[in-house]
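Per my numbering, residue 51 is the first one in the sequence shown, and the count goes up by one each step.
Below is one structure, written out as structure tokens, with a few remarks after it.
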Amino acid sequence: MQTARPASRRAAVTRLRLTNFRSYATLDLLCGEGSVALIGANGAGKTNILEAVSLLAPGRGLRRAAYADLGRVDGDGSWAIAAEVAGPEGETRLGTGVDPGAGDAGRRCRIDGAPVGSAGAFAAHLRLVWLTPDLDGLFRGPAGDRRRFLDRLVVAADPEHAGRASGLEKALRSRNRLLEDERSDARWLDAVERELAELAVAVAAARAETVSRLAALIAETADPASPFPSAGLALDGALETAVLSDPATAVEDGYRERLAAGRRRDRAAGRTLEGPHLTDLAVRHTLKDMPAERCSTGEQKALLVGLVLAHARLVARLDGASPVVLLDEVAAHLDPARREALFAALDDLGAQAWLTGADPAAFAAIGRRAQLFDVSGGSARPVG
Numbered sequence: 051m052q053t054a055r056p057a058s059r060r061a062a063v064t065r066l067r068l069t070n071f072r073s074y075a076t077l078d079l080l081c082g083e084g085s086v087a088l089i090g091a092n093g094a095g096k097t098n099i100l101e102a103v104s105l106l107a108p109g110r111g112l113r114r115a116a117y118a119d120l121g122r123v124d125g126d127g128s129w130a131i132a133a134e135v136a137g138p139e140g141e142t143r144l145g146t147g148v149d150p151g152a153g154d155a156g157r158r159c160r161i162d163g164a165p166v167g168s169a170g171a172f173a174a175h176l177r178l179v180w181l182t183p184d185l186d187g188l189f190r191g192p193a194g195d196r197r198r199f200l201d202r203l204v205v206a207a208d209p210e211h212a213g214r215a216s217g218l219e220k221a222l223r224s225r226n227r228l229l230e231d232e233r234s235d236a237r238w239l240d241a242v243e244r245e246l247a248e249l250a251v252a253v254a255a256a257r258a259e260t261v262s263r264l265a266a267l268i269a270e271t272a273d274p275a276s277p278f279p280s281a282g283l284a285l286d287g288a289l290e291t292a293v294l295s296d297p298a299t300a301v302e303d304g305y306r307e308r309l310a311a312g313r314r315r316d317r318a319a320g321r322t323l324e325g326p327h328l329t330d331l332a333v334r335h336t337l338k339d340m341p342a343e344r345c346s347t348g349e350q351k352a353l354l355v356g357l358v359l360a361h362a363r364l365v366a367r368l369d370g371a372s373p374v375v376l377l378d379e380v381a382a383h384l385d386p387a388r389r390e391a392l393f394a395a396l397d398d399l400g401a402q403a404w405l406t407g408a409d410p411a412a413f414a415a416i417g418r419r420a421q422l423f424d425v426s427g428g429s430a431r432p433v434g
């Protein structure tokens, strides 16, 4: 990962065009470099626009949908997203989509019209962080949800983590398939476990580094009077703990040896019972010294907003440019004081924010800091 440096620049999506994407046959949204507030009734297509922006980052976007599900219901399966991005190095055109019948395997990505290998290449021009209503139950939900949230935090700071995490999942599946057959050649298992151990330690190290940096930034900027309380962070994972004190090669060798020794146990269980695929992210309300899952619903929401804002500051510090922040239906669930504090925090960050909401009153305090759009009927029209 990069050495931290002060953020002095920003990136912004200045134009977004959609073709056959979700509820939009076509959409051409000219929004400039300021923040964007999308206002409309439930089901109007606001989140679809945020999802399109989120696909300008590695992965499957904020809904984690299959690419085959992103096209219009009455379309031919194809869809396209084109964005103009104003960044520190000037204007860039990013594009992604699938051709008819291509399905999940056929997503294409382009930068200024030239093909690139994956959306990971977009990170050189645009970083994204987001918060959606699906995360409201994060602290009380299963560990897998927190693990995915954690990996999204890491990817925003270190885009190559997406490939490592995907590789880890594939290696785990390969090992589990080999264990199903007791006649499998031990040499094949050795090879798969060697790859699995290498990927596992790389994933664990990236997680540990990101959480360590994020925790340090939160401690550095903690304000007891803030309506968004500081979060204490810790990783519950053996490899993530080990890489903080031991050489990566030693951790890798130890994990590989444990995998070999645990084959009979894992075969009986039908899965690999040790590794970073089981890691959990523990979050505490620092001021109250209370686990996040025991806090009230309102406190959990405030903790989550504060954590996402801190993450955005970390990405800005590491990348040298503020990320674009996507906030789906966040303002409506905050009281007026917290809503104003959120808008002020976004101003302080210097980031372009994309927000959605059904009630125009929720954006009264945003003033001229954002361009408002009325979303309905497959279109988005400027308000005022």
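Yeah, the Cβ is synthetic: ideal placement off N, Cα and C, and Gly gets one too.
Considering only the beta carbon of each residue, do residue i and residue j sit closer than 7 Å?
| i | j | result |
| --- | --- | --- |
| A371 | A61 | yes |
| L376 | W404 | yes |
| L106 | F172 | yes |
| L88 | V425 | yes |
| D31 | A221 | Nothing about residue 31 can be reported from this structure: the residues present for the chain run from 51 to 434 only. |
| A272 | S280 | yes |
| T260 | V204 | yes |
| A258 | D286 | no |
| W238 | L229 | no |
| T69 | A136 | no |
| T336 | R197 | no |
| V251 | V301 | yes |
| L294 | A265 | no |
| G156 | V148 | yes |
| D296 | A256 | no |
| Q435 | V433 | There is no way to answer for residue 435, as the model of the chain reaches only from 51 to 434. |
| R519 | E243 | The question about residue 519 has no answer here: the residues shown for the chain are numbered 51 through 434. |
| A395 | L359 | yes |
| G170 | P150 | no |
| P138 | R59 | yes |
Please state the DSSP three-state secondary structure of residue i.
| i | result |
| --- | --- |
| S216 | helix |
| R315 | helix |
| L80 | strand |
| R141 | Note that residue 141 corresponds to Glu in the displayed sequence, not to Arg. It is a strand residue. |
| E134 | strand |
| F423 | strand |
| P191 | It is worth fixing the name first, because residue 191 is Gly in this sequence and not Pro. DSSP places G191 in coil when its eight states are reduced to three. |
| G304 | helix |
| T146 | strand |
| A430 | strand |
| A62 | strand |
| A269 | helix |
| G282 | strand |
| A360 | helix |
| S262 | helix |
| R122 | coil |
| A164 | strand |
| R158 | strand |
| V205 | helix |
| A275 | coil |
| G348 | helix |
| V86 | strand |
| R334 | strand |
| R67 | strand |
Report the option in the options whose CA atom is closest to the CA atom of residue i.
| i | options | result |
| --- | --- | --- |
| D119 | G434, R72 and R431 | R72 |
| F278 | D385, N98, C81 and L309 | D385 |
| Y74 | H211, A91, A394 and G125 | G125 |
| L249 | A310, G320, G194 and H327 | H327 |
| R143 | G217, Y305 and L66 | L66 |
| G427 | T64, R59, V63 and T76 | T76 |
| A130 | L392, G137 and G121 | G121 |
| D397 | E379, I416 and P410 | I416 |
| S168 | G109, L357, E243 and A275 | G109 |
| A362 | I268, D316, G140 and V86 | I268 |
| N92 | E379, V86, F189 and G320 | E379 |
| L364 | G400, F393, R344 and E390 | G400 |
| S429 | R59, T97 and T299 | T97 |
| E245 | E270, A275 and T299 | T299 |
| R2 | A408, E290, R225 and R334 | Missing from the structure shown is residue 2; the chain here goes from 51 to 434 and no further. |
| R431 | G90, A366, G84 and S85 | G90 |
Who are the Cβ neighbours of residue i in its own chain at under 6 Å, not counting the five residues just before and after it?
| i | result |
| --- | --- |
| T53 | Caution applies to T53, whose pLDDT of 35 falls short of 50 and renders its modelled position unreliable; the value that the coordinates give is listed next. So no residue of the chain qualifies. |
| C81 | Q421 |
| E101 | G111, L112 and R113 |
| A414 | none |
Only counting the same chain, and skipping five residues up and downstream in sequence, which positions put a Cβ closer than 7 Å to that of residue i?
| i | result |
| --- | --- |
| S104 | G111, L112, L178, W180 and L376 |
| T406 | L88, K96, T97, L100, D378 and E379 |
Within a Cβ cutoff of 8 Å, which residues of the same chain sit near residue i, ignoring the five residues on either side of it in sequence?
| i | result |
| --- | --- |
| S234 | L228 |
| R418 | none |
| S262 | L294 |
| R308 | E324 |
Are there any heavy atoms of the ligand PLP lying less than 6 Å away from the beta-carbon of residue i, as far as the coordinates show?
| i | result |
| --- | --- |
| P138 | Annotation note on the ligand PLP: not contained in the displayed structure, which lists no ligands. |
Three-pair Cβ contact test at 8 Å for the segment 332-340 versus the segment 349-363: yes
Inter-stretch contact at 8 Å, needing at least 3 Cβ pairs: the segment 156-165 / the segment 179-196: no
Cβ contact (3+ pairs, closer than 8 Å) linking the segment 308-320 and the segment 386-396: no
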